[in-house]
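Undergrad: Below: one structure in structure tokens.
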Amino acid sequence: MMGWRAYAQEHRDRFLSDLVDFLRIPSVSALPEHACDVQRAARWIADRMTAAGIEGAKVMQTGGHPVVYGEWLHATGKPTVMLYGHFDTQPADPIELWTNPPFEPTIVGDRIYARGAVDPKGNMIIPILAVEAMLQGEGALPVNVKFFFEGQEEIGSPEIPEFVRQHKDLLACDFALSSDGGQYSETEGEILIARKGLCGVQIDVQGPKTDVHSGTSGGAVQNPIYALARVLSSMRSPNGKIAIEGFFDSVVPLTDDDRAAIAAVPFDDDEYKKQLGVDELFGEPGYTTLERAWARPTLDLNGVWGGFQGEGSKTVLPAKAGAKITCRLVPNQEPEEIMSLIEAHVAKFTPKGAKATVTRQPGTARPYSIPKNHPANRLAHAVLEEIYGKPPYYVRIGGTIAVTGILLDILGIYTVSFGFGLNDECFHAPDEFFRISSWDRGQLAYCRLFERLGERGLEG
Ligand SMILES: [Zn+2]
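Just so you know, we're using this note's numbering here: the sequence shown kicks off at 428 and counts up by one.
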């Protein structure tokens, strides 16, 4: 047999033209008119997996956008890895800002431009190609693999919890690798160890039943905008510390090791200030900027309204005012519990003469984290160190992806993020691209990870 390296090299052009074909399918999960394209992308993947030598490849329905499953389970006594990815993309709007049409992939030098190039298709196809190179180049894989690809990540994976619950045995494995991730830079690897959770509420404050004249009723009744401003300003001390009672009670404190790992990541406050156009950074005292952004919970006011907003003045005492709030959560904060604390806070701080109601917003997510020293992280660390010639950074992110929490809650498995995107590749934006060199590196990394895992097992 020729070996996986030679196989991947020899078939590189074909692999790349497969990626181009895949990118042509506008599998936009958010838009109903593309639902059949999402199905088409699923079919394309199942066929491509079968061609690679992966067994039992099939499209499975969920009630929403489908799932694609496939497996190769002949490495007796070896660990089983789930290879997770998603094949839906963001919408391409605004189309007029694209240099080339978003679903007509264009290669320029080391870059392939298309909607979904980096998020996620270029990344998602890597493990399929790596497995093909090993199966066709070596005759077998050194480990067992189960592929689990979903078509609804970009809309929050609504049907995935139920799907995973119904297919626990099919999906059982030792850990998952997610292709939906990034490198730190072209020459440095990273391992993502935490994602924040999310919850949100709307506060509506009611004063008099209609707007009233500020000359007639001003001074006689509560002004709901004042009342709301009081409630909102009571939520945070002037120094930036969130002041909701109990908000930090379940927060797992950062260890010295956590703080050292964050401090090891190159970050320049001045550069960041310049980038944002602010004179000062601001936030919870006692923490560095990255610690606050990555590892401390936040409460943000996203919008505030009330009263007259037009030109000139209007002598009105408005009937209503309102605000939207979202919180980014860290382990072990629970969205439901945090929303209850906010409700209690609002009830306690609403001034006399106004009525406040708190409405919980749908779309909560629990925070996710994987222990830095989890055996699967150590495995990824060893492979990335070998490939980049230096150890990876341990990073965290404020954003949320549903599946990692779902897999942990329902299957009891951790997910290691093992993707090769870079921050400048225009995720979710016009002229999205993926570096072809990163795509090559990704195939190498997956093959090396399978080899190392096969040789040493998960504890090696
Ligand atoms: Zn995305």
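We put the beta carbon where it would ideally sit given N, CA and C, even for glycine.
Is the distance from the Cβ of residue 627 to the Cβ of residue 787 below 9 Å?
TA: By one-based count along the sequence shown, residue 627 stands at place 200. By one-based count along the sequence shown, residue 787 stands at place 360. Cβ atoms of residue 627 and residue 787: closer than 9 Å.
Undergrad: Classify residue 542 as buried or exposed, calling it buried when 16 or more other Cβ atoms lie within 10 Å of its own Cβ.
TA: Your numbering for residue 542 matches position 115 in the sequence shown. So residue 542 counts as buried.
Undergrad: How many whole angstroms separate the CB atoms of residue 596 and residue 506, which I take to be in contact at a CB cut-off of 8 Å?
TA: Counted from its first residue, the sequence shown places residue 596 at position 169. Counted from its first residue, the sequence shown places residue 506 at position 79. Incorrect: roughly 17 Å between the Cβ atoms, too far for contact.
Undergrad: Tell me, to the nearest whole angstrom, how far the beta carbon of residue 494 is from that of residue 577; I am working on the premise that it is less than 8 Å.
TA: Residue mapping note: residue 494 aligns to position 67 of the sequence shown, counting from 1. Residue mapping note: residue 577 aligns to position 150 of the sequence shown, counting from 1. Confirmed, Cβ separation roughly 5 Å.
Undergrad: Quick check: what's the CA-CA separation for residue 658 versus residue 688?
TA: By one-based count along the sequence shown, residue 658 stands at place 231. By one-based count along the sequence shown, residue 688 stands at place 261. Those two C-alpha atoms are separated by around 37 Å.
Undergrad: Report all residues for which the CB-ligand distance to some heavy atom of ligand 1 is below 7 Å; order them along the chain.
TA: Counting every residue whose Cβ lies closer than 7 Å to a heavy atom of ligand 1, we get 517, 546, 547, 580, 581, 854, 855.
Undergrad: For residue 444 and residue 844, I'd like the C-alpha separation in whole angstroms.
TA: Your numbering for residue 444 matches position 17 in the sequence shown. Your numbering for residue 844 matches position 417 in the sequence shown. So the two alpha carbons sit approximately 26 Å from each other.
Undergrad: So the candidates are 474, 884, 871; which of them puts its Cα closest to the Cα of residue 430?
TA: Locating residue 430 in the sequence shown gives position 3, where the first residue counts as 1. Of 474, 884, 871, the residue nearest in Cα terms is 871.
Undergrad: On the three-state DSSP scale, how would you describe residue 751?
TA: In the sequence shown, the residue the question calls residue 751 occupies position 324. Looking at residue 751 - three-state DSSP - the assignment turns out to be strand.
Undergrad: Does the beta-carbon of residue 862 have 16 or more other beta-carbons within 10 angstroms, so that it is buried, or is it exposed?
TA: For this step, residue 862 is matched to residue 435 along the sequence shown. Looking at its Cβ environment, which holds 16 or more other Cβ atoms inside 10 Å, residue 862 is buried.
Undergrad: Quick one: Cα of residue 632 to Cα of residue 741, how far?
TA: For the purposes of this step, residue 632 is taken as the residue at position 205 of the sequence shown. For the purposes of this step, residue 741 is taken as the residue at position 314 of the sequence shown. Spanning the two alpha carbons is a distance of roughly 20 Å.
Undergrad: Just tell me which of 500, 743, 735, 733 has its CA closest to the CA of residue 571.
TA: The sequence position of residue 571 within the sequence shown is 144, counting from 1. Ranking 500, 743, 735, 733 by Cα distance to residue 571 puts 500 first.
Undergrad: Which partner residues of residue 513 appear in the DSSP bridge assignment?
TA: For the purposes of this step, residue 513 is taken as the residue at position 86 of the sequence shown. Residue 513 is bridged to 577.
Undergrad: Mind listing, in chain order, the continuous beta strand (DSSP E) runs of no fewer than 3 residues lying wholly within the stretch 486 to 571?
TA: You should have 494 to 499, 507 to 513, 533 to 535, 538 to 540.
Undergrad: Taking the Cβ atom as the reference point for each residue, do residue 546 and residue 877 lie within a distance shorter than 9 Å?
TA: For the purposes of this step, residue 546 is taken as the residue at position 119 of the sequence shown. For the purposes of this step, residue 877 is taken as the residue at position 450 of the sequence shown. Not in contact: residue 546 and residue 877 (Cβ atoms no closer than 9 Å).
Undergrad: Using a Cβ-Cβ cut-off of 8 Å (strictly less than) and excluding sequence neighbours within five positions of residue 642, which residues of its own chain qualify?
TA: For the purposes of this step, residue 642 is taken as the residue at position 215 of the sequence shown. Excluding positions up to five away in sequence, the list reads 742.
Undergrad: Drop a sphere of 10 angstroms on the beta-carbon of residue 729, count the other beta-carbons inside from all chains shown, and report buried for 16 or more, exposed for fewer.
TA: By one-based count along the sequence shown, residue 729 stands at place 302. Residue 729 is exposed by the Cβ-count criterion.
Undergrad: Report all residues from its chain with a CB closer than 6 Å to the CB of residue 725; omit the five preceding and five following residues, and keep chain order.
TA: Locating residue 725 in the sequence shown gives position 298, counting from the first residue. Excluding residues within five positions, the ones whose Cβ falls inside 6 Å are 755.
Undergrad: If you run the structure through DSSP and keep just helix, strand and coil, what is residue 875?
TA: Taking the sequence shown and counting its residues from 1, the one referred to as residue 875 is at position 448. The answer is helix: DSSP assigns residue 875 an H, G or I state.
Undergrad: Of the choices 654, 648, 552, whose alpha-carbon is the least far from that of residue 606?
TA: Here residue 606 is taken as the residue at index 179 of the sequence shown, counted from 1. Looking at the Cα atoms, 552 is the closest of the given residues.
Undergrad: Just to confirm my understanding: we take residue 585, look at its own chain, exclude 5 residues before and 5 after, and list those with CB closer than 7 Å. What are they?
TA: By one-based count along the sequence shown, residue 585 stands at place 158. Correct list, in chain order: 491, 579.
Undergrad: Looking at residue 858 and residue 525, is the spacing between their C-beta atoms short of 9 Å?
TA: Position 98 of the sequence shown holds residue 525. Position 431 of the sequence shown holds residue 858. Yes.
Undergrad: When DSSP labels each residue in this structure, what does residue 592 get in the three-state scheme?
TA: Walking along the sequence shown from the start, residue 592 turns up at place 165. Helix at residue 592.
Undergrad: Assess contact between the stretch 609 to 617 and the stretch 775 to 789, defined as three or more Cβ pairs (one per stretch) separated by less than 8 Å. Is contact present?
TA: Taking 8 Å as the limit for Cβ pairs, the verdict is that the stretch 775 to 789 does not touch the stretch 609 to 617.
Undergrad: If distances are taken between C-alpha atoms only, which option among 885, 875, 886, 884 comes closest to residue 558?
TA: Translated into positions along the sequence shown, residue 558 becomes position 131. When only C-alpha atoms are compared, the closest one is 875.
Undergrad: Measuring only the C-alpha atoms, how far is residue 879 from residue 560?
TA: Start at 1 with the first residue of the sequence shown, and residue 879 comes out as number 452. Start at 1 with the first residue of the sequence shown, and residue 560 comes out as number 133. Going by the C-alpha atoms only, they are around 16 Å apart.
Undergrad: Near residue 475, which residues of its chain fall below 7 Å by C-beta distance, leaving aside the five closest residues on each side in sequence?
TA: Taking the first residue of the sequence shown as 1, we reach residue 475 at position 48. Cβ within range, chain order: 445, 555.
Undergrad: What do you reckon, are the CB atoms on residue 829 and residue 588 nearer than 9 Å?
TA: Looking up residue 829 in the sequence shown gives position 402. Looking up residue 588 in the sequence shown gives position 161. Yes, the pair counts as a contact, with Cβ atoms nearer than the cut-off.
Undergrad: DSSP three-state label for residue 465, please.
TA: The count along the sequence shown starts at 1 and reaches residue 465 at position 38. Helix at residue 465.
Undergrad: Considering only the alpha carbon of each residue, which of 651, 593, 703, 654 lies closest to residue 838?
TA: For the purposes of this step, residue 838 is taken as the residue at position 411 of the sequence shown. With distances taken between Cα atoms, residue 838 lies closest to 593.
Undergrad: Mind the definition here: the stretch 820 to 828 touches the stretch 679 to 693 only if three or more C-beta pairs lie below 8 Å; say whether that holds.
TA: Touching, per the Cβ criterion.
Undergrad: Taking only the alpha-carbon atoms, compute the straight-line gap between residue 651 and residue 767 and give it to the nearest angstrom.
TA: As a working mapping, residue 651 is identified with position 224 in the sequence shown. As a working mapping, residue 767 is identified with position 340 in the sequence shown. Distance between the alpha carbons of residue 651 and residue 767 is about 22 Å.
Undergrad: Are residue 834 and residue 511 touching if we call contact CB-CB under 9 Å?
TA: Position 407 of the sequence shown, counting from 1, holds the residue named residue 834. Position 84 of the sequence shown, counting from 1, holds the residue named residue 511. Cβ distance < 9 Å, so residue 834 and residue 511 count as in contact.
Undergrad: Relative to the C-alpha of residue 733, which residue among 886, 745, 722, 727 is closest?
TA: Stepping through the sequence shown from its first residue, residue 733 is reached at position 306. Closest option to residue 733, Cα to Cα, is 745.
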